[in-house]
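**Student:** In the numbering used here, the protein residues as written are -18 to 463.
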């Protein structure tokens, strides 16, 4: 054979082998990655090829689908009361992807999840009828929170202490997911991104802020669990004013005439005495406070409900002055409304924290369960005795102290207010917090609620947990207990 021809033949053979190897590699090792690539238009076409499954609240779908015209995406997502439920559903957009429950359960909702298919369908890739996502949301609780928050910037979470079911999750200002569901909604999307109030941000789960005096419940729990004090009615060693260790600064109380010197835990919660809880945190030491906070859920980077929540933080490596400030929920302590609702829920549930969740089950088109989330699974956070004493003290806060706006006739209501400083030298408008629980002795119904009002537009002097946040919590608790 001619040498030139032989060389050309060998080179051609090598090219063919290279193509075979590459094709094999792509099909065997890269096929899944390519199929799941966000830029693969086939995925978007498949997702919107048929009406999507529903996200269900109290037996009714709060989502739908609408036939499109002049597009290779056959259907687009629609929402009933979209702004009301946006913090629960998230959005499903042909152009901008999917978030929250829409994103987590996208395969179930568009019919591509393998659990919807029989073995033959898995091999052929045949798309099945979509399934539904059934939530734990109570529409009355959700609407009560959404209406009460109104035009303010804030968030609220309500949950059943016994089961962990999230009954309400509200974030304001909100948005209508229907406005960004198609490929032609770029203008609305740009407006949402440019809005300084960040309506796309789920403040209930993903906006940890200084919790202020609501964190005093965690410090009190640490003190009782550690044995620093045997009872919520035992006098503490708490000078007033309390000077921060290593500093010339005194930790002042909001009400200078309040009986905070050497106050009991009950009285200190009732009047929100900073001197008591600042010194208590120092006496315990930051490691013991952190350990208790972490049992309640702080510093958990994998808090899924099933939407991932941003971790609430209790810091480390502080000096004693910093530790004292954490005792009143300041310094670098942060918490989400979800986290503070978990604190009240654990205390309401005899010291046991039921796993919070807002999806009860996921079903296929025939209603058969694909996955379920059992109620009541939980872990003990504090002893029954500690929980009982702090519930009693929280009732005192509502009946005789700073939380009077949370009262509900005929119900046991306990709570803790918080007004969290922010900005250098407290130069910015504070956050208003309220965390609480309510129990109806006649029906046995229970609920725990946490509310933060980040910005209400009110004058600085009018910002308080009792004035702004407690009325919102009261309305949500009343809706849950009715």
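C-beta: ideal position from N, C-alpha, C; glycine also.
(1) Could you check which residue in -11, 361, 91 and 423 has the C-alpha nearest to that of residue 28?
(2) Under the DSSP definition of a beta bridge, which residues are partnered with residue 334?
(3) Drop a sphere of 10 angstroms on the beta-carbon of residue 440, count the other beta-carbons inside from all chains shown, and report buried for 16 or more, exposed for fewer.
(4) Residue 240 and residue 231 - do their beta-carbons sit closer together than 8 Å?
(5) For residue 278, count the other beta carbons within 10 Å of its own beta carbon; 16 or more makes it buried, fewer makes it exposed. Which is it?
(6) Report yes if the C-beta distance between residue 128 and residue 108 is below 8 Å; otherwise report no.
(7) Return the first residue and the last residue of the beta strand (DSSP E) that residue 325 is part of.
(8) Any idea what DSSP makes of residue 15, helix, strand or coil?
(9) Out of 67, 56, 89 and 63, which one is the CA nearest neighbour of residue 76?
(10) Following the continuous beta strand (DSSP E) through residue 373, name the residue where it begins and the one where it ends.
(11) Check whether the stretch 207 to 224 touches the stretch 428 to 438, counting contact only when three or more Cβ pairs, one atom from each stretch, lie closer than 8 Å.
(12) For residue 420, collect the residues of the same chain with a Cβ closer than 6 Å to its Cβ; drop the 5 residues on either side in sequence, then sort them by chain order.
(13) With a floor of 4 residues, list each alpha helix (DSSP H) that falls wholly inside the stretch 167 to 252, ordered by position along the chain.
(14) With the cut-off set at 8 Å, would you say residue 131 and residue 139 are in Cβ contact?
(15) Among the candidates 416, -8 and 255, whose CA atom is the shortest distance from the CA of residue 465?
(16) Does the beta-carbon of residue -3 have 16 or more other beta-carbons within 10 angstroms, so that it is buried, or is it exposed?
(17) Could you give the distance in angstroms between the alpha-carbon of residue -15 and the alpha-carbon of residue -1?
(18) Going by DSSP in three states, residue 113 sits in which element: helix, strand or coil?
(19) DSSP puts residue 36 in a beta bridge; with which residues?
(20) What does DSSP give as the partner residues of residue 52 in its beta bridges?
(21) Name the one or two DSSP bridge partners that residue 147 has.
(22) What residues in its chain sit with their C-beta under 6 Å from that of residue 387, if we drop five residues either side in the sequence?
(23) Would residue 83 be called buried (16 or more neighbouring beta carbons within 10 Å of its own) or exposed?
(24) Would you identify the three-state DSSP class for residue 81, choosing helix, strand or coil?
(25) If you compare alpha carbons, which of 330, 194, 411 and 414 is closest to residue 429?
**Tutor:** On the basis of the supplied data:
(1) 91
(2) Looking at the DSSP assignment, residue 334 forms a beta bridge with 360.
(3) exposed
(4) no
(5) buried
(6) no
(7) Counting along the chain, residue 325 falls outside any beta strand (DSSP E), though it belongs to the alpha helix (DSSP H) covering 318 to 329.
(8) Reliability fails at residue 15, whose pLDDT of 44 lies under 50, so the model's placement of it is uncertain and the value that follows must be treated cautiously. Judged by DSSP in its simplified three-state form, residue 15 adopts helix.
(9) For the residues 67, 56, 89 and 63, the minimum Cα distance to residue 76 belongs to 56.
(10) From DSSP, residue 373 is part of no beta strand (DSSP E) but of the alpha helix (DSSP H) over 365 to 381.
(11) no
(12) These residues qualify, in order along the chain: 393 and 427.
(13) 167 to 175, 184 to 187, 197 to 207 and 246 to 251
(14) Cβ atoms of residue 131 and residue 139: not closer than 8 Å.
(15) Examination of residue 465 is not possible in this model, given that the chain is present from -18 through 463 alone.
(16) That one is exposed.
(17) Going from the Cα of residue -15 to the Cα of residue -1 covers about 21 Å.
(18) strand
(19) Under DSSP, residue 36 shares a beta bridge with 114.
(20) Its beta-bridge partners do not exist; DSSP assigns none.
(21) Residue 147 pairs with 140.
(22) Taken in chain order, the residues that qualify are 379, 394, 396, 417, 451, 454 and 455.
(23) buried
(24) helix
(25) 330
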